[in-house]
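J.: Below are the structure tokens for one structure; questions will follow.
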Amino acid sequence: MLVDGDWALDVERASGGRFAADPSAVFSRWPEFAEWAGSVDVAADERAEVFEASELRAPSPRPRQVIGVGLNYADHAHEAGLPIPEHPVVFTKFASAVAGPDVDVRLPGSTVDWEAELVVVIGTGGRDIPESEALSRIAGYTVGQDLSERTVQWQGMPAQFSMGKSFENFAPIGPWIVTLDEFSNPNELAISATIAGLDGTETRVQDSSTAQLIFPVGELISRLSKTLELLPGDIVFTGTPPGVGAGMKPNRYLVPGEVLVTEIAGIGHITQRFSD
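If you're matching positions, the sequence shown starts at 1 in full-length UniProt numbering and goes up one per residue.
Here you go:
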């Protein structure tokens, strides 16, 4: 669906069947779809309906690849006690972890951490994408949380990053995809994470800007495509800024009853509620 404020418009109905309601069927035609969508006045369309944010699902509900990038903020690498990488540090979150923007998450252990991230949704994608063309191959940006069970992540040698980051609802994204033309500066977006405690007290644990990315989105997409074929609808978690629980002294992790809100300026916010 297309969204404008509190109004939503069913894509398939509004386009007369030209585009499917399922977003997974639209990503490969993203330039064509974006051109059509730009001509639609959602709020003025009599078919538009008021929607509840809690009803939204993941804007890319069935990505074939979920790509994670670690240590992509210098100050996060510093808090982790690790050197700044010369090349992107890449892992995967399994696709079954993908969830919508407003979900309940069961804590599988006592060391679940938060990682606010800008998420890139791939449009046409491809292989060997020149950096100069990279931004034209994506659909847009959304908000993500790279939830991580640190004990599982670091158990054994080598570490089990993908297993520690792929429990149910550990890859919430949303609330929607925003195309790059909607931002005054898509390379400099405020990003934050806030935890509401059991007593209602709110603590801003992450507060940064995507301008601090070591590998900016265009460079990152180009580099990834040298190895991977980036497929329509794939999602790329671009890394987290400092302020994660594992970097605190003493460490702080999520507990049952807490609520986590992640926000990126110009996109919106996503919410997770935690239970045991």
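Using N, Cα and C, we set each Cβ at its ideal position, and we do this for glycine too.
Output the residue ranges of the alpha helix (DSSP H) runs that lie fully inside the region 170 to 200 and measure 4 residues or longer, sorted by chain position.
T.: Counting only runs of 4 or more, we get nothing.
J.: Which residues bound the beta strand (DSSP E) around residue 270?
T.: Taken as a continuous stretch (DSSP letters only), the beta strand (DSSP E) holding residue 270 covers 268 to 275.
J.: Beta-carbon within less than 7 Å of residue 1's beta-carbon, same chain only, minus the 5 sequence neighbours each way: which residues are those?
T.: Correct list, in chain order: 8, 9, 10, 11.
J.: Would you decide whether residue 60 is buried or exposed? Buried here means 16 or more other CB atoms lie within 10 Å of its CB.
T.: Its Cβ being crowded by 16 or more others within 10 Å, residue 60 is buried.
J.: If we count the other Cβ atoms within 10 Å of its Cβ and call it buried at 16 or more, is residue 193 buried or exposed?
T.: Per the 10 Å Cβ criterion, buried.
J.: Is the region 142 to 158 in contact with the region 100 to 111, if contact means three or more CB pairs nearer than 8 Å?
T.: Touching, yes.
J.: Are the region 168 to 175 and the region 85 to 103 touching, with three or more C-beta to C-beta distances below 8 Å?
T.: These segments touch.
J.: Under a three-way DSSP split, which group does residue 206 fall into?
T.: Three-state result, residue 206: strand.
J.: List the whole-angstrom C-beta distance separating residue 183 from residue 97, where the pair is believed to meet the contact cut-off of C-beta under 8 Å.
T.: With 8 Å as the limit, residue 183 and residue 97 do not qualify as a contact, their Cβ atoms being about 27 Å apart.
J.: Taking just the CA atoms, how far does residue 5 sit from residue 45?
T.: Between residue 45 and residue 5, the C-alpha separation is close to 13 Å.
J.: Could you name the residues of the same chain whose beta carbon sits closer than 7 Å to that of residue 256, not counting the 5 residues immediately before and after it, in chain order?
T.: Counting only Cβ-Cβ distances below 7 Å, and skipping sequence neighbours, we find 107, 274, 275, 276.
J.: Determine the burial state of residue 199: buried for a count of at least 16 other Cβ atoms within 10 Å of its Cβ, exposed for fewer.
T.: Exposed is the call here.
J.: Measure from the alpha carbon of residue 209 to the alpha carbon of each residue in 90, 168, 262, then state which is nearest.
T.: Selected option, being the one with the closest Cα: 262.
J.: Could you give the distance in angstroms between the alpha-carbon of residue 86 and the alpha-carbon of residue 30?
T.: Rounded to whole angstroms, residue 86 to residue 30 spans 32 Å at the Cα level.
J.: Go ahead and label residue 41 buried or exposed: buried means 16 or more other beta carbons lie within 10 angstroms of its beta carbon, across all protein chains shown.
T.: Answer is exposed; the Cβ neighbour count stays below 16.
J.: Inspect the CB distances between the region 233 to 247 and the region 206 to 222 and report whether three or more fall short of 8 Å.
T.: Short answer: they touch.
J.: Name the residue from 129, 246, 109, 19 whose alpha carbon lies nearest to the alpha carbon of residue 225.
T.: The residue with the shortest Cα to Cα distance from residue 225 is 129.
J.: Are there 16 or more other CB atoms within 10 angstroms of the CB of residue 72, so buried, or fewer, so exposed?
T.: When all chains shown are included, residue 72 counts as buried.
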